[in-house]
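Please read the structure below before turning to the comments.
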Amino acid sequence: MSGELIQALVELEKERGIPKEVLIDAIESALKTAYKKNFGSNQNVEVEMNSETGDVKVFSRKTVTDEVVDDKTEINLTEARLINSEAQIGDEVEVEVTPSNFGRIAAQTAKQVVIQRLREAERNVIFDEYSNREGEIVAGTVQRTEQKVIIINLGPTEAVMLPQDQIPGETFAQGQRIKCYISEVKKSAKGPQITVSRSHPYFLRRLFELEVPEIFEGLVEIKSIAREAGYRSKIAVISRDDKIDPVGACVGHRGMRVQNIVRELNGEKIDIIKWSQDMGIYIGNALSPAKVLQVEVNETEKTSRVVVPDHQLSLAIGKEGQNARLAAKLTGWKIDIKSESQAIKEEE
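What follows is the structure in structure tokens.
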């Protein structure tokens, strides 16, 4: 070991922010393990590394005794007093036991420790960066697919998109660039584990924030989202400015804004409806594109009875009940839909 190592540690502290003392402690701990592995595990040893010169010394802590039974752990009083003139029977003294060839082992060990700590530091930097970006949209390149899990290259690291986070029917070619939503960032033994999604409702929210300046600026607010990824979504919006039509702002001139989002989602249908504090109006809006004739609400039970024209019943319910299901999810209310003729018959 030499001053070159210390200089390297100083440079690492400046460039990577890893304190020199932390690295020295880690090297000493690793050298202690290396010594016990190579020169005897029974000894109670400590390894000291000079923080200025890089010199390494190994000390064995031995108990002062009248009669030495195990010279690895015991020392007689005469020899002990050569180290510490005030040593007494039962005391412990530190005896230098640095092997002549320990320098080579020390150099190898120090290198391994530094490399390991550098990797840990890089992982921590990546974790800190992406944990702060949780909930944001990120762009990456499709790297490969492993058992239906898509691995996405984000540059400094990789992200995974699990099957449930993928939009049904979407396929990607290797090397294709895609947008996705960072849904979770957590630490693992192999470094930060970043999970991304394209099916998450908040992916849709972030796309609208990117595409609609009024939402980004807070002039238009997204109150609720109901999404069945790949098929249909409903989004309820309200304006904080009386001069701004919230639905029109989201649709954009000639529908360009919403069409950009639909293209990103490969044709997923999006209903943009106006949120209202009046639940009757809100539920009626939520069933769009169907037109409603009447909405009766039960505030206590959060249930509603909706009457629609006969020819609008199938549209209100939607294919396999999708429109009604999304409207219920959007409003948080149970919705019972009746045709006009059914409602009249029930009242007779």
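Each residue of the sequence shown is one higher than the one before, counting from 0 in numbering that gives the first Met the number 0.
Beta carbons: idealized from backbone N, C-alpha and C, even for Gly.
{"Asked": "Delimiting residues of the beta strand (DSSP E) encompassing Glu-91", "Found": "91–95"}
{"Asked": "N- and C-terminal bounds of the beta strand (DSSP E) containing Ile-123", "Found": "According to the sequence shown, residue 123 is Asn rather than Ile. Taken as a continuous stretch (DSSP letters only), Asn-123 belongs to no beta strand (DSSP E), being part of the alpha helix (DSSP H) at 101–130."}
{"Asked": "Spatial distance of Ala-188 from Ile-214 (CA atoms)", "Found": "39 Å"}
{"Asked": "Sequence-distant residues of its chain with Cβ nearer than 7 Å to Arg-204 (five each side left out)", "Found": "Ile-221 and Ile-224"}
{"Asked": "At least three beta-carbon pairs within less than 8 Å, the stretch 52–61 to the stretch 82–94", "Found": "yes"}
{"Asked": "Ile-44 and Val-57 closer than 8 Å at C-beta", "Found": "One point to set straight first is that residue 44 is Val, not Ile, in the sequence displayed. In contact: Val-44 and Val-57 (Cβ atoms closer than 8 Å)."}
{"Asked": "Cβ shell of Glu-183 (< 6 Å), same chain only, five flanking positions each side left out", "Found": "Thr-194"}
{"Asked": "Beta-carbon contacts of Pro-308 that lie in its chain and below 6 Å, excluding the five residues immediately before and after", "Found": "Glu-339"}
{"Asked": "Environment of Lys-147 [buried if 16+ CB atoms lie within 10 Å]", "Found": "exposed"}
{"Asked": "N- and C-terminal bounds of the alpha helix (DSSP H) containing Ile-193", "Found": "That residue, Ile-193, is in no alpha helix (DSSP H); its beta strand (DSSP E) goes 190–196."}
{"Asked": "Cβ-Cβ distance between Phe-126 and Pro-191 below 8 Å", "Found": "yes"}
{"Asked": "Inside the stretch 291–328 only - alpha helix (DSSP H) runs reaching at least 4 residues", "Found": "312–316"}
{"Asked": "Nearest-angstrom beta carbon gap, Met-48 and Ile-82 [assumed within contact, 8 Å]", "Found": "Incorrect: roughly 21 Å between the Cβ atoms, too far for contact."}
{"Asked": "Contained beta strand (DSSP E) runs [length at least 3] in the stretch 257–293, N- to C-terminal order", "Found": "268–273"}
{"Asked": "Arg-103 versus Leu-8 - alpha carbon distance", "Found": "18 Å"}
{"Asked": "Exposed unless 16 or more other CB atoms sit within 10 angstroms - verdict on Gly-320", "Found": "exposed"}
{"Asked": "Buried versus exposed call for Asn-100 [16 or more other C-beta atoms within 10 Å across all chains shown]", "Found": "exposed"}
{"Asked": "The beta strand (DSSP E) enclosing Asn-152, as first and last residue numbers", "Found": "148–152"}
{"Asked": "Buried or exposed (CB count within 10 angstroms, at least 16 for buried), Gln-311", "Found": "buried"}
{"Asked": "Proximity below 8 Å, CB of Trp-332 to CB of Lys-301", "Found": "yes"}
{"Asked": "Simplified DSSP assignment, three categories, for Asn-75", "Found": "strand"}
{"Asked": "Best match in Gln-111, Glu-27 and Tyr-180 for proximity to Leu-209 [C-alpha to C-alpha]", "Found": "Tyr-180"}
{"Asked": "Helix, strand or coil at Val-350 [DSSP, three-state]", "Found": "Past the edges of the chain, shown from 0 to 347, lies residue 350, and the structure says nothing about it."}
{"Asked": "Cβ pair count under 8 Å reaching 3, the stretch 128–147 against the stretch 167–176", "Found": "yes"}
{"Asked": "Whole-Å CB distance - Val-201 paired with Gly-134, under 8 Å assumed", "Found": "Sequence check: residue 201 is Tyr here, not Val. Indeed, because the Cβ distance is near 7 Å, the residues count as touching under 8 Å."}
{"Asked": "Spatial neighbours of Arg-239 in its chain, beta-carbon cut-off 8 Å, leaving aside the 5 residues before and after", "Found": "Gly-217, Leu-218, Val-219 and Glu-220"}
{"Asked": "Val-294 versus Ala-228, Lys-318 and Gly-279, residue with shortest Cα-Cα distance", "Found": "Gly-279"}
{"Asked": "Endpoints, beta strand (DSSP E) assigned at Thr-140", "Found": "136–145"}
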